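Participant: First the structure, which I've put down as structure tokens, then a few questions once you've had a look.
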Amino acid sequence: MCDTCGCGDRGIVPVDVHERILAGNDRAAAHNRQHFRASGVVAVNLMGSPGAGKTAVLEATARRLAGGRRLGALAGDLATDHDAARLRASGIEAASITTGSACHLDADMVHHGLHHVSWRELDYLFIENVGNLVCPAIYDLGQEANVVALAVTEGEDKPLKYPVMFRKADLVLLTKIDLLPHLPGVRLRTIVEALGRVMPQPEHIPFSAVTGDGVDRWLAWLERVELFGRLGTAAGAPVR
Amino acid sequence: MNANDPNDPNAPNDPNDDMHEYSIVQALMERVAAEARARRAVAVHRLSIQVGELAGVDVGLLATAYETFRERTICARAALDVQTIPARWECPGCLRAIARGERLRCPVCALPARLAAGDEFVLDRIEMEVP
Numbered sequence: 001m002c003d004t005c006g007c008g009d010r011g012i013v014p015v016d017v018h019e020r021i022l023a024g025n026d027r028a029a030a031h032n033r034q035h036f037r038a039s040g041v042v043a044v045n046l047m048g049s050p051g052a053g054k055t056a057v058l059e060a061t062a063r064r065l066a067g068g069r070r071l072g073a074l075a076g077d078l079a080t081d082h083d084a085a086r087l088r089a090s091g092i093e094a095a096s097i098t099t100g101s102a103c104h105l106d107a108d109m110v111h112h113g114l115h116h117v118s119w120r121e122l123d124y125l126f127i128e129n130v131g132n133l134v135c136p137a138i139y140d141l142g143q144e145a146n147v148v149a150l151a152v153t154e155g156e157d158k159p160l161k162y163p164v165m166f167r168k169a170d171l172v173l174l175t176k177i178d179l180l181p182h183l184p185g186v187r188l189r190t191i192v193e194a195l196g197r198v199m200p201q202p203e204h205i206p207f208s209a210v211t212g213d214g215v216d217r218w219l220a221w222l223e224r225v226e227l228f229g230r231l232g233t234a235a236g237a238p239v240r
Numbered sequence: 241m242n243a244n245d246p247n248d249p250n251a252p253n254d255p256n257d258d259m260h261e262y263s264i265v266q267a268l269m270e271r272v273a274a275e276a277r278a279r280r281a282v283a284v285h286r287l288s289i290q291v292g293e294l295a296g297v298d299v300g301l302l303a304t305a306y307e308t309f310r311e312r313t314i315c316a317r318a319a320l321d322v323q324t325i326p327a328r329w330e331c332p333g334c335l336r337a338i339a340r341g342e343r344l345r346c347p348v349c350a351l352p353a354r355l356a357a358g359d360e361f362v363l364d365r366i367e368m369e370v371p
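Protein chains in written order, with our numbering: chain G, 1 to 240; chain R, 241 to 371.
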């Protein structure tokens, strides 16, 4: 409506929205986070390339914490139940979130996935994201912390190539370090150096699911997140 | 452009879904449609969005996804204005700028750098035609 004279002509009106385009996902993530914190569940969003060793990290975690802590997992998988089946075999209560062709998990998918695990009883809920270093980074799921598995076999320059993913990481697990002797072109120091250029507070643990290297430090890190997360500190800062 | 069927945004197993820009455009369209409904708009003429360098969104792919999805929606003839915002890191203590590619820690204060700009992903403004 033309406001000046009331003539009834159609008008072009600008509407200022100024809202994050993923605000809907942010709200769903905040809802998940509230549930996790209220139930004392530490939710960890585990990301990384396909084949970076995400499932192997969780299997190694389960071997060490068996009988102690209660572990659960939601495994994002394009089409199969393979990862969740591996996790169940290692003693983790796990369900698949089959994403079809989607390249990432979002907060709603996680919320629906929760209906398939008794998540309230858990100490740690691992959300194993779809193998991808790009898309998962921008979706907050309601996690307490973001962990990226980066295999040393992926080369030295992955952090610099995928700065968005690594900026969001609270911890990088440098996996498959047992293979370093076979990788003459890969120096751990160079990878760590690169992390410092994309992560303001770079934290990493060299890790091998085969030899068990780094597992103690990883478990200690989880305990720290559990403690600080429950105290409501910055450890749970959401991805934005 | 969607290689399979540009007219069907719900086509199953579309290989182009393998990038999150498609999910993002869906979220954007839903938001715009809601605003348009609330104001009984008959058409949308322009969308203005901000995309930061570190938002994790590829502007080229976003434009392609937008072209694919806008057909037969209220945005069918709406231009998409994208303002890109470069990443800017600074020291939270002394506000010194941290140069691109440098270690993200203040060389003077030793504090971790903070991202002052570049992670925006915002729907800024919709220009719509109302009766």
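Don't be surprised by glycine CBs; every beta carbon is placed ideally from N, CA and C.
Fair warning: this is a prediction, and the values are worked out from it, not measured in the lab.
Grab me the residues of E121(G)'s own chain with a C-beta within less than 7 Å of its C-beta, minus the 5 sequence neighbours each way, in chain order.
Facilitator: R70, listed in sequence order.
Participant: Just to confirm, are I325(R) and A357(R) a CB contact at a threshold of 8 Å?
Facilitator: In this structure, A357(R) lies closer than 8 Å to I325(R) by Cβ.
Participant: Is L335(R) buried or exposed, if buried means 16 or more other CB atoms sit within 10 Å of its CB?
Facilitator: The residue is exposed, with fewer than 16 neighbouring Cβ atoms inside 10 Å.
Participant: For the beta strand (DSSP E) containing H247(G), name the first residue and the last one.
Facilitator: As displayed, chain G neither begins before 1 nor continues past 240, which places residue 247(G) out of reach and without an answer.
Participant: Measuring only the C-alpha atoms, how far is H18(G) from T80(G)?
Facilitator: Their Cα atoms are separated by approximately 39 Å.
Participant: Should the region 221 to 229 of chain G be called in touch with the region 180 to 192 of chain G, which here means at least 3 C-beta pairs below 8 Å?
Facilitator: Short answer: they don't touch.
Participant: Straight-line CA distance for Q34(G) to G11(G)?
Facilitator: Each residue's Cα considered, the two are about 43 Å apart.
Participant: Would you say D321(R) faces chain G, with C-beta separation under 8 Å as the test?
Facilitator: False, the Cβ-Cβ gap to chain G never drops below 8 Å.
Participant: L141(G) and A62(G) - do their beta-carbons sit closer together than 8 Å?
Facilitator: In this structure, L141(G) does not lie closer than 8 Å to A62(G) by Cβ.
Participant: Would a C-beta distance cut-off of 8 Å place N32(G) and V148(G) closer than the cut-off?
Facilitator: No; because the gap between Cβ atoms is not below 8 Å, this pair is not in contact.
Participant: Could you tell me which chain R residues have their CB closer than 7 Å to the CB of V164(G), listed as they occur along the chain?
Facilitator: Chain R residues near V164(G): L294, G296.
Participant: Check for me: the alpha helix (DSSP H) holding H31(G) runs from which residue to which?
Facilitator: That run of the alpha helix (DSSP H) goes 23 to 38.
Participant: Applying the criterion that 16 or more other CB atoms from any shown protein chain within 10 Å of the CB defines a buried residue, is R271(R) buried or exposed?
Facilitator: Buried, by the Cβ-count rule.
Participant: Could you round the C-beta distance between Q143(G) and V44(G) to whole angstroms and report it? I think they count as a contact, below 8 Å.
Facilitator: Rounded, the Cβ-Cβ distance is 6 Å, consistent with contact.
Participant: Which chain G residues sit within Cβ distance under 7 Å of F361(R)?
Facilitator: Simply R20, I21, L22.
Participant: Using a C-beta to C-beta distance shorter than 9 Å, which residues of chain R count as neighbours of L16(G)?
Facilitator: Before going on, a small fix: residue 16(G) reads as Asp here, not Leu. Those within 9 Å of D16(G) in chain R are D364, R365, I366.
Participant: Kindly list, in the order they appear in chain G, the residues whose Cβ is closer than 9 Å to that of I289(R).
Facilitator: Residues of chain G passing the Cβ test: I21.
Participant: I want to verify the contact list: residues of chain R whose CB lies under 9 Å from the CB of V134(G), in sequence order.
Facilitator: Going along chain R in sequence order, the residues near V134(G) (Cβ under 9 Å) are M259, H260, G296, D298.
Participant: According to DSSP, is E311(R) helix, strand or coil?
Facilitator: Residue state, collapsed to three classes: coil.
Participant: Can you tell me whether Q323(R) is buried or exposed? The criterion is at least 16 other CB atoms within 10 Å of its CB, across all chains shown.
Facilitator: So Q323(R) ends up on the exposed side.
Participant: Do the region 337 to 356 of chain R and the region 278 to 289 of chain R meet, that is, are 3 or more Cβ pairs less than 8 Å apart?
Facilitator: Not touching, per the Cβ criterion.
Participant: Counting Cβ pairs, one atom from each stretch, are 3 or more of them under 8 Å apart for the region 203 to 220 of chain G and the region 163 to 181 of chain G?
Facilitator: The region 203 to 220 of chain G, when compared against the region 163 to 181 of chain G, does touch it at the 8 Å Cβ threshold.
Participant: Counting only Cβ-Cβ distances shorter than 8 Å, please list the residues of the region 84 to 107 of chain G near chain R, keeping chain order.
Facilitator: Hits within the stretch, in order: G100, S101, A102, C103, H104, D106.
Participant: Is there contact between the region 160 to 176 of chain G and the region 298 to 305 of chain R, where contact requires at least three CB pairs shorter than 8 Å?
Facilitator: Cβ pair count under 8 Å is below three, so no.
Participant: At 9 Å on the CB atoms, spell out the chain G contacts of R271(R), in chain order.
Facilitator: Simply V17, E19, I21, A23, G24.
Participant: Within the 8 Å Cβ cut-off, does G196(G) reach chain R?
Facilitator: Output row for G196(G): interface = yes.
Participant: Please name the residue, chosen from A66(G), G76(G), V198(G), that lies closest to P50(G) on a Cα-to-Cα basis.
Facilitator: The shortest Cα separation from P50(G) among A66(G), G76(G), V198(G) belongs to G76(G).
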